[in-house]
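J.: Below is one structure. I have some questions about it.
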Amino acid sequence: WREFEFQMESTASKASEPPDGARKTKTAGMKFCPTCSNFLLIEEMRGKYRYFCQTCPYIDDIKSTLRDRTYMKKKEVDDVLGGEDAWKNADKCQALCPKCKNMTAYYTQLQTRSADEPMTTFYRCTECHFQWKE
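In terms of full-length UniProt numbering, the sequence shown has 49 at position 49, counting the first letter as 1, and numbering is strictly consecutive.
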């Protein structure tokens with residue numbers, strides 16, 4: 001996960017602050033300009049932060065702490081060769097494994113570029129299961 005935090009100076013008086021040291025926080029997602037509907041950016045101006053629009057003169061001072069936390073899921077990798085099942089019926093050939101120096105490998109060929117270029121050959125070592133391509 002990634003966390004973004006901007007500390008803003010509050011323009012509120014001490015009387016309006018919450019009791020017992022609690023903090024008022026504002027969780028903001030993306031903000032859009034009410035005038036032209038464009039995405040608002042954040043800038044610092046004279047020690048204070050504010051939203052501003054790049055297209056029109058709209059400005060909105062930020063009067064409290066802004067915190068945005070985004071949790072990102074790691075994308076699962078798709079095995080373009082079909083995973084373990086793709087190698088079950090693959091043909092064997094004489095090829096030197098760059099990892100363990102074994103001389104036998106499974107291979108398969110796929111058209112990965114345009115039709116006027118040669119096919120790409122994918123190899124998998126019969127001993128250490130290292131995969132490479134040529």
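No residue lacks a Cβ here, since even glycine has one placed at the ideal position from N, Cα and C.
1. Cα separation between R113 and T120?
2. Spatial neighbours of C125 within its chain, please: C-beta separation below 6 Å, excluding the five flanking residues on both sides.
3. Could you pull the start and end residues of the beta strand (DSSP E) that R50 belongs to?
4. For A86, which three-state DSSP category applies?
5. Just the C-alpha distance for K48 and K75, rounded to the nearest angstrom, thanks.
6. Considering T104, what are the terminal residues of the beta strand (DSSP E) in which it resides?
7. Would you please state the rounded distance, in angstroms, between the beta carbons of D61 and R50? I believe it to be under 8 Å.
8. Could you pull the start and end residues of the beta strand (DSSP E) that Y123 belongs to?
9. Just the Cα atoms here: how many angstroms apart are K73 and G83?
10. On the premise that T55 lies in contact with C36, defined as a C-beta separation below 8 Å, what is that separation, rounded to the nearest angstrom?
T.: Reading from the atomic positions:
1. What you label residue 113 is simply residue 113 of the sequence shown in a count that begins at 1. What you label residue 120 is simply residue 120 of the sequence shown in a count that begins at 1. Taking the CA atoms as reference points, R113 sits about 8 Å from T120.
2. As a working note, residue 125 is residue 125 in the sequence shown. The beta carbon of C125 sits closer than 6 Å to the beta carbons of C97, N102 and A105 from its chain, once the five residues preceding and following it are set aside; these are given in chain order.
3. Counting from one through the sequence shown, the residue named residue 50 turns up at place 50. Taken as a continuous stretch (DSSP letters only), the beta strand (DSSP E) holding R50 covers K48 to F52.
4. Counted from its first residue, the sequence shown places residue 86 at position 86. Three-state result, A86: helix.
5. Position 48 of the sequence shown, counting from 1, holds the residue named residue 48. Position 75 of the sequence shown, counting from 1, holds the residue named residue 75. If you take the alpha carbons of K48 and K75, they lie about 37 Å apart.
6. Within the sequence shown, residue 104 is the residue found at index 104, counting from 1. Under the DSSP assignment, T104 falls in the beta strand (DSSP E) whose first and last residues are T104 to L110.
7. For the purposes of this step, residue 61 is taken as the residue at position 61 of the sequence shown. For the purposes of this step, residue 50 is taken as the residue at position 50 of the sequence shown. D61 to R50, Cβ: 5 Å. Contact.
8. Counting from 1 along the sequence shown, the entry for residue 123 is found at position 123. Looking at the DSSP string, the run of the beta strand (DSSP E) that includes Y123 is T120 to C125.
9. By one-based count along the sequence shown, residue 73 stands at place 73. By one-based count along the sequence shown, residue 83 stands at place 83. Between the alpha carbons of K73 and G83 lies a distance of about 22 Å.
10. Counted from its first residue, the sequence shown places residue 36 at position 36. Counted from its first residue, the sequence shown places residue 55 at position 55. That belief holds up - the Cβ atoms of C36 and T55 are roughly 5 Å apart, short of 8 Å.
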